[in-house]
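Reviewing the structure listed below.
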Amino acid sequence: MSDFLSKFSGNHYDELLEEDKKRKIIKEDQLKSAEKEIEKSPRAPLSFEKTPEQPLSETVIKKAPKTTSEVFSSIPEVKQERIDQFFHAQEDDDLSERQTYTRQERESSVSRRREESHEETEIDPDYQKKKKRKVILIGASVIACLALGLFLFYQLTHVTVPNFVGKTVTEAREWGNENGVEIDLTQEHSIKFEENVIVSQKIKKGQKVAKGSKLAVVGSLGADPEEVLPLPDFSRMTYVDAQKWIDDNKAKNLKLTQVYSDITAKGKFIKLEIANSIPASDYTRGDKATLTYSRGKEVLEANIEVPDFVGKNKTDVDSWAKTNSIEVTYEEKASASLAVGTVMGQSVAANQKVAKKSKMTVQVSAGKGIMVPDFSTLTMTQASSVAGLTVIVRQVYGDAPYGALISQSKAAGTELTEKDDKNVEVVYSAGAPYIRDLSGKNEGELQQYFYDEFRSKGAEIYFTSYYVDSSQPKGTVVAQSVKETWLPLTYTVEVGISNGAHFSGTIVPPANNTPDTTTSSQGSAVAP
1 MSDFLSKFSG NHYDELLEED KKRKIIKEDQ LKSAEKEIEK SPRAPLSFEK
51 TPEQPLSETV IKKAPKTTSE VFSSIPEVKQ ERIDQFFHAQ EDDDLSERQT
101 YTRQERESSV SRRREESHEE TEIDPDYQKK KKRKVILIGA SVIACLALGL
151 FLFYQLTHVT VPNFVGKTVT EAREWGNENG VEIDLTQEHS IKFEENVIVS
201 QKIKKGQKVA KGSKLAVVGS LGADPEEVLP LPDFSRMTYV DAQKWIDDNK
251 AKNLKLTQVY SDITAKGKFI KLEIANSIPA SDYTRGDKAT LTYSRGKEVL
301 EANIEVPDFV GKNKTDVDSW AKTNSIEVTY EEKASASLAV GTVMGQSVAA
351 NQKVAKKSKM TVQVSAGKGI MVPDFSTLTM TQASSVAGLT VIVRQVYGDA
401 PYGALISQSK AAGTELTEKD DKNVEVVYSA GAPYIRDLSG KNEGELQQYF
451 YDEFRSKGAE IYFTSYYVDS SQPKGTVVAQ SVKETWLPLT YTVEVGISNG
501 AHFSGTIVPP ANNTPDTTTS SQGSAVAP
């Protein structure tokens, strides 16, 4: 290519133009001389005459001589044929001449350039070394380009794996989604790592992984809840030590609390409670338990201002007391003017300041009430008919005269409301106990008699019985140690019972109640 372009530079271009003109002139001269030669060539004979050049033997007698027009019409064809033959020959000569000229011109140009190059060339002794170095540099550049391409391709199709140990599974999945890597997660229990934190990874930190591939990681399920934990002696541990033990053993279900105590010093153990009464030796990490330590004595500051609750509703007091941890005791009183639940008074004056857990009393209206009378001024008949009250009247033996009031269950002057119990028990005196003649009574009636007449009224009077021969029906009282007389509050009466030995079938009132000791038999005692 450089040889070809060198022809069109400088003087070579002018020389080529001159040569081209010469070739055109030569070609035109050749065409003119060709036409002259054709015109000089002899024409074809018009008749079949014998020519001197032809031998006699070659003379041929024609069937019919050609006409003049046929002879003259064939002249141009012959001329044209000769012209075509001439130009074909000239074209072949011209092509050969051009090829020869081009080859010669090329050789001349190459020779000329060699001469010019020879004149300007200087011999470089380091030429071979430089050439070798150039080849090495070119090869190294090609290799570097290939290596760079491979490196860039590798970088674009691979990502560097970070250290996921200690990070959450969510963080690993986010990284995988951003970099086209699927996170292959397996899980196992671990006391070292919290739940959903990565414990280990198959490909180490800093290594490359192809996009679209999987990265295997192991996630933590947290500490094993079924593992049995040997519990220490918490009574020998402080609150801080217990908290550290819980954290180290991942005992999340062991709740550590502190309460105020006037007895146990601050930070000391109070109690351990395990749910479902599980023995401490069988305690697992999944079992619930409460470990209580002392906060020490609670120091309360009187910084809570007491509102004026008079005229307000009881619910307002409840809300305030609950918010400020105040213990309120309610006293309900009857009121003819205030609605039920309206505050009538308070033990702590309004605007006074109290501390938490302080105590106060609040009087609340219970509506219209009923006044309990003084039953000492009423007889037993009058007491049982007091309006609005259910009065239960009882009599007991005692030193007080008969009919005197001994007691009443609700004090005189007490005002009872709709919420109060309106039953009032009133006890009057029955005087001294008196035993009547029991002759003729059946033995089976004695227990009820002694209870109703004596013990139900407060007198500890009992009886004993014995059997005697008598004409009375069997089981009939025929004798008693005392009768028709006053008795002390504690006494035992002996009663004789007929055994029916002389009973004739006719009931005869006994004439003599004095027992016959010769024929009597001892009965069973009833008194305790």
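For what it's worth, the UniProt record's numbering labels the leading residue of the sequence shown as 1, then goes sequentially. Positions of the beta carbon are idealized from the N, C-alpha and C atoms, including for glycine. Note that this is a predicted model, so its numbers are computed, not measured.
Query	Result
Backbone CA spacing between Ala223 and Phe234 [nearest angstrom]	22 angstroms
Cα-Cα separation between Ala144 and Ile198, rounded to whole angstroms	41 angstroms
Three CB pairs or more closer than 8 angstroms across the region 419–433 and the region 344–355	no
C-beta contact flag for Val468 and Gly505 at 7 angstroms	no
For Asp420, three-class secondary structure by DSSP	coil
When Ile326, Val217, Val364, Phe463 are compared against Leu185, the one with the closest alpha-carbon	Val217
Identity of the residues DSSP links to Tyr434 by a beta bridge	Trp486
Glu19 in three-state terms, based on DSSP	helix
Inter-residue spacing [alpha-carbon to alpha-carbon] between Asp308 and Asn351	7 angstroms
Sub-7 angstroms separation of Phe450 and Pro473 beta-carbons	no
Inter-residue Cα distance where the pair is Ser294 and Ser213	57 angstroms
Within 7 angstroms, strictly: CB atoms of Tyr434 and Met380	no
Check whether Gly475 and Asn442 have beta carbons under 7 angstroms apart	yes
Alpha-carbon spacing of Glu18 relative to Glu28, whole angstroms	16 angstroms
Meets three-Cβ-pair contact criterion under 8 angstroms: the region 280–290 and the region 259–267	no
Contained alpha helix (DSSP H) runs [length at least 4] in the region 363–412, N- to C-terminal order	380–383
Alpha-carbon to alpha-carbon, Ser319 and Ile406	45 angstroms
Close beta carbons around Leu389, own chain, < 6 angstroms, minus the five adjacent residues each side	Lys422, Val424
Helix, strand or coil at Ile191 according to DSSP, with G and I counted as helix	coil
From Ile274, Pro401, Asp248, residue whose alpha carbon lies closest to that of Lys255	Ile274
Cβ-heavy atom distance, Gly505 to the ligand SAH, below 6 angstroms	Here there are no bound small molecules, and the ligand SAH is not part of this structure.
Extent of the continuous alpha helix (DSSP H) run through Gln243	239–248
Cβ contact check for the region 176–190 and the region 129–148: 3 or more pairs under 8 angstroms	no
Unbroken stretches of the beta strand (DSSP E), 3 residues or longer, contained in the region 273–345	289–296, 327–333
Proximity winner among Asp374, Phe463, Ile191, Ser365, relative to Ala334 (alpha-carbon distances)	Ser365
Where Val161 sits in the DSSP three-state scheme	coil
7 angstroms Cβ cutoff met for Ala459 and Leu438	no
Option in Lys208, Val317, Tyr491 with minimal Cα separation from Val362	Val317
Supposed contact pair Thr492 and Tyr462 - C-beta distance, whole angstroms, cut 8 angstroms	5 angstroms
Ala210, DSSP secondary structure in three states	strand
Continuous alpha helix (DSSP H) stretch holding Ala265: start and end	First-last for Ala265: undefined, no H or E at that position.
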